[in-house]
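Residue -2 is where the sequence shown starts when you use our numbering, and the numbers rise one by one after that. Below: one structure, written as structure tokens.
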Amino acid sequence: MLDCKIQNVPLFHPLIRENRAFCVGDILIIFYTPLICMNVQASKLMVTGITKMGSLKNITLAAALVCSAGLAQAAVVSFDENFGGALTEGTEITTFDFGAGLTGSLTVTGGTAEARVLDSESGNGLGVTNDPDLASPFSDADRVLADRGFGNVLIVQSDDAGVSIPNDERSGGSITFTFDTAIILDSIFLLDGEEGISLTYGLTTLSGLGGADNTFDFVTANSGPILSFTVEFGGSGAIGEFKASVVPLPAGLPLLIGGLGAFAWMKRRKQA
-2 MLDCKIQNVP
8 LFHPLIRENR
18 AFCVGDILII
28 FYTPLICMNV
38 QASKLMVTGI
48 TKMGSLKNIT
58 LAAALVCSAG
68 LAQAAVVSFD
78 ENFGGALTEG
88 TEITTFDFGA
98 GLTGSLTVTG
108 GTAEARVLDS
118 ESGNGLGVTN
128 DPDLASPFSD
138 ADRVLADRGF
148 GNVLIVQSDD
158 AGVSIPNDER
168 SGGSITFTFD
178 TAIILDSIFL
188 LDGEEGISLT
198 YGLTTLSGLG
208 GADNTFDFVT
218 ANSGPILSFT
228 VEFGGSGAIG
238 EFKASVVPLP
248 AGLPLLIGGL
258 GAFAWMKRRK
268 QA
């Protein structure tokens, strides 16, 4: 493989960060979503500083072939199950397998540095009686969507409540989801958050999110490929659910790489 370098192209920063571009012969191979691929081809890749590369025609062809794979179907993560088993109130989540290929681990700051499940709909549950501002039903802070419940929600465990009673940390904290493979974050429901909530993914940070007690803020992300995202709470708050999908590699990737390698070898032999 040759040494490829992509410079001064903000559109492509996830490619560099997540190693989603490399070379076979004199052809640039790009793994990306169909939407970005259309932008890539329309702008003739907008690539500068590629060393030892061939024509843009070959590069565009490679991009078109690799980008033919679509995204996996998005899944809603509602903190009801983990590793195929039911989640109960008070359970700490450190690693996760939410299904649909969404696997990874959590990193937590604030409180006891633990992410725990709180049942917002339990009739006699600790979540309702101990933390009424996170009791279902919730209303839309933007007054657009209908009232709804969330069941289990995810909180930063308070350090003054003890681990047996789930209660969100009033001094704030953060929960970072790190995934084993690249995902697309479609949307997320953030609960409460009078002191403000921020959402960070890739190089994007959305701040000033959240609402009053017993409200939700529906946030559309449409992130592009990322390996992690962080929800930071300025005070009390929770994650109601999020919707995401894994970015799959093309099923025919091994054949494609082999074919491109053979193409590059034949071209070099012809030039020799």
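Just so it is clear, CB atoms sit at the ideal spot from N, CA and C, and this is done for glycine as well. Predicted model only: the values in this text are computed from it and were never measured.
Contact annotation: ALA235 and LEU115 have beta-carbon atoms nearer than 9 Å. Under the three-state reduction of DSSP output, LEU99 falls in the coil class, being neither helix nor strand. Approximately 5 Å separates the beta-carbon atoms of THR100 and ASP177; this is inside 8 Å, confirming the contact.
The alpha carbon of THR109 has as its nearest neighbour, out of ASP165, SER204, PHE186, ASP156, the alpha carbon of ASP156. Taking C-beta atoms under 8 Å as the contact rule, ALA132 and GLY208 fail to qualify, at a distance of about 15 Å. Annotation for ASP177: the continuous beta strand (DSSP E) segment containing it runs 170 to 188.
Linking ASP189 to VAL228 through their CA atoms gives a straight-line distance of about 13 Å. As summarised for the region 128 to 160, there are no continuous alpha helix (DSSP H) elements at least 4 residues long confined to that stretch. The C-alpha of PHE147 is placed about 17 Å away from the C-alpha of VAL153.
Contact check for ASP165 and SER233: beta-carbon distance about 5 Å, within the 8 Å limit, so the pair qualifies.
According to the DSSP assignment, PHE226 belongs to the beta strand (DSSP E) that extends over 222 to 230. Rounded to the nearest angstrom, the gap between the Cα atoms of GLY237 and PRO134 is 12 Å.
Judged by DSSP in its simplified three-state form, GLU238 adopts strand. Per DSSP, reduced to three states, the secondary structure at GLU118 is coil, with no helix or strand assignment.
Out of GLY96, LEU187, GLY82, ASP130, the CA that lies nearest to the CA of PHE213 is found in LEU187. LEU103 sits away from ALA97, with the two beta carbons spaced by 9 Å or more. Straight-line spacing of the CA atoms in ASN219 and VAL150 works out to 22 Å. Excluding residues up to 5 positions away in sequence, GLU15, PRO222, ILE223, LEU224, VAL244 lie with their Cβ nearer than 7 Å to the Cβ of ALA179 in the same chain.
Taking ILE162 as reference, the option from GLU78, GLU89, PHE80, VAL73 with the minimal CA-CA separation is GLU89.
Note that the C-beta distance between GLY169 and GLY81 is not below 9 Å. The DSSP-derived three-state label of ASN79 is strand.
For SER171 and ASP130, the gap between their C-alpha atoms comes out near 19 Å. DSSP places SER204 inside the beta strand (DSSP E), whose first and last residues are 201 to 206. Taking ASP94 as reference, the option from GLN70, ASN211, THR175, VAL105 with the minimal CA-CA separation is THR175.
Membership of ILE162 in any beta strand (DSSP E) is not indicated, and neither H nor E is assigned to it by DSSP.
A Cβ-Cβ separation of about 5 Å places ILE185 in contact with VAL216 under the 8 Å criterion.
With distances taken between CA atoms, GLU192 lies nearest to ARG167 out of THR201, SER75, ARG167.
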